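See structure below.
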Amino acid sequence: MTRLPVLLVTLVGVAVPGPALRGPVDVSARRAVIGRALPAAPPTPLAPPIRDLTGVSYYLDASRSVADPARKKQNEAAFAPLRAYVAGVIDLADGWMESRPADPAYAIRAVDALAAWARGGALLGTVNQQGAYERVWTLAGLALAYLKVRDAPHVDPAARTGVDAWLVKVAEAVKPRDARPGRMSDANNHADWAALAVAAAGAAARDRALFDWGLTRARIGIAQIRPDGFMPLELGRGAMALHYHLFALAPLVMLAELGEANGVDLYAEDHGAIGRLANRVIEGLRDPAPFAAAAGIAQQVRPARGPDLAWAEPYYARFRDRRLLPLLTTARPWRDDRLGGDLTAAFGVAELR
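Here the sequence shown is numbered in our numbering, starting from 1078 and rising by one per residue.
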């Protein structure tokens, strides 16, 4: 892996940053592999900026493994407009990546949509606990999408500057909620998602301090992975232990990919801990019995959906773990908006398409 030097050169008392931070997806390289003729870029999503995020907590038990269907439906309804906006921005960013010949209108409209939310102070109002989770996932998805279009030609520099400043504000708002000593979510999957959101925002806004904060938080999550690949706090989720190991693995894989793009090898941390977790999850998807034994309860198992296996696209592209083949080929494309969109398009290996 090529390492990018991180240098600070002092010129007449001014600190000049080293190489610009990059996203995990090489857009030009992916376009060469998957590019195709696309229709004209759709209109920019015009949803008004959403400042306040008030969700509905829906778990009924102490281990947070049993959901109240009615309350969960209320929560999904509360965030439906937000998720629709995120999906629209991601569609535009992925359109820029997939269009061949490259159509800058996709990138311009994605940045314009983000700039409108930046001007409206979106995501910076009142936030309850469930809203805080949603803000983290939203920031992660939008920052990763923006990294695809940030450097596209003809993007308005003023819009780009506004988006950069807004992402920094949202990331700074995320940090305090996920850095309070003694809270379980400081070390479970919520910390992993917060790490991804802040690191991606830092990379997108070229803010090295935020990027480094995210990677430091990622190492907290990585340190939770035992030699056998289990994560104790996720085992505490009872019948949902396998699901929440999967849910913790997704941001850690994307953090590792973001690190690789910027000269940091998180895959090697703690003697390959992410690989141990991936191995445990892959085996658990094939046979959940070890999770049932470790958690002390039978696991809730459901057919894999887009968000469940999107992380496996970059993981397979890097490590060619052939156990993933029957999983990946069942329902492509694999998309998770919290990870920036269509990961089959962004990372999928040609031999499987």
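No residue lacks a Cβ here, since even glycine has one placed at the ideal position from N, Cα and C. Since the structure is predicted, the reported quantities are computational estimates derived from the model, not experimental observations.
C-beta contact flag for residue i and residue j at 8 Å
i: Arg-1400; j: Ile-1374; result: no
i: Ala-1229; j: Pro-1181; result: yes
i: Ala-1316; j: Leu-1273; result: no
i: Leu-1292; j: Ala-1276; result: yes
i: Thr-1131; j: Ala-1155; result: yes
i: Glu-1337; j: His-1322; result: no
i: Gln-1377; j: Phe-1368; result: no
i: Ile-1167; j: Asp-1414; result: yes
i: Ala-1300; j: Asp-1347; result: yes
i: Arg-1227; j: Arg-1177; result: no
i: Leu-1224; j: Ala-1281; result: yes
i: Ala-1278; j: Val-1247; result: yes
i: Pro-1116; j: Gly-1197; result: no
i: Ala-1350; j: Ile-1302; result: yes
Residue i: first and last residue of the uninterrupted alpha helix (DSSP H) it sits in
i: Ile-1297; result: 1285-1300
i: Ile-1185; result: 1181-1196
i: Asn-1266; result: 1266-1281
i: Ser-1176; result: Premise fails: Ser-1176 is in no alpha helix (DSSP H) and is neither H nor E.
i: Arg-1363; result: 1346-1363
i: Asp-1041; result: This structure cannot settle anything about residue 1041, because the visible part of the chain is limited to 1078 through 1430.
i: Ile-1111; result: 1104-1111
i: Ala-1124; result: Per DSSP, Ala-1124 belongs to no alpha helix (DSSP H) and is neither H nor E.
i: Tyr-1223; result: 1206-1226
i: Pro-1403; result: 1402-1405
i: His-1231; result: Unbroken run through His-1231: none, as it is neither H nor E.
i: Leu-1326; result: 1318-1338
Rounded C-alpha distance that separates residue i from residue j
i: Ala-1427; j: Gly-1361; result: 26 Å
i: Ala-1408; j: Gly-1383; result: 8 Å
i: Ala-1372; j: Asp-1269; result: 21 Å
i: Asp-1398; j: Asn-1356; result: 9 Å
i: Tyr-1344; j: Ala-1295; result: 11 Å
i: Ala-1179; j: Ala-1114; result: 9 Å
i: Ala-1041; j: Trp-1411; result: No information on residue 1041 is available, as it lies outside the stretch 1078 to 1430 that the chain covers here.
i: Gln-1207; j: Ala-1190; result: 25 Å
i: Ala-1327; j: Val-1240; result: 25 Å
i: Gly-1298; j: Ala-1333; result: 12 Å
i: Arg-1464; j: Ala-1220; result: Given that the chain is displayed from residue 1078 to residue 1430, the structure contains no residue 1464 and the question cannot be resolved.
i: Thr-1238; j: Arg-1283; result: 11 Å
i: Ala-1195; j: Tyr-1393; result: 35 Å
i: Gly-1112; j: Trp-1173; result: 9 Å
i: Leu-1420; j: Val-1110; result: 14 Å
i: Asp-1103; j: Ala-1118; result: 21 Å
i: Pro-1433; j: Ala-1366; result: Any answer about residue 1433 is impossible in this case: the structure gives the chain only from 1078 up to 1430.
i: Gly-1425; j: Ser-1105; result: 15 Å
i: Leu-1169; j: Arg-1379; result: 31 Å
i: Ser-1134; j: His-1231; result: 43 Å
i: Ala-1250; j: Val-1213; result: 10 Å
i: Asp-1305; j: Arg-1353; result: 7 Å
Distance between beta carbons of residue j and residue i, contact taken as under 8 Å
i: Asn-1339; j: Arg-1099; result: 6 Å
i: Ala-1432; j: Ala-1184; result: Outside the shown range of the chain (1078 to 1430) lies residue 1432, about which nothing can therefore be said.
i: Pro-1101; j: Leu-1335; result: 5 Å
i: Leu-1201; j: Thr-1215; result: Not really, about 12 Å apart at Cβ, beyond 8 Å.
i: Leu-1405; j: Trp-1388; result: Between Trp-1388 and Leu-1405 the Cβ distance is about 11 Å, and since that is not below 8 Å, they are no contact.
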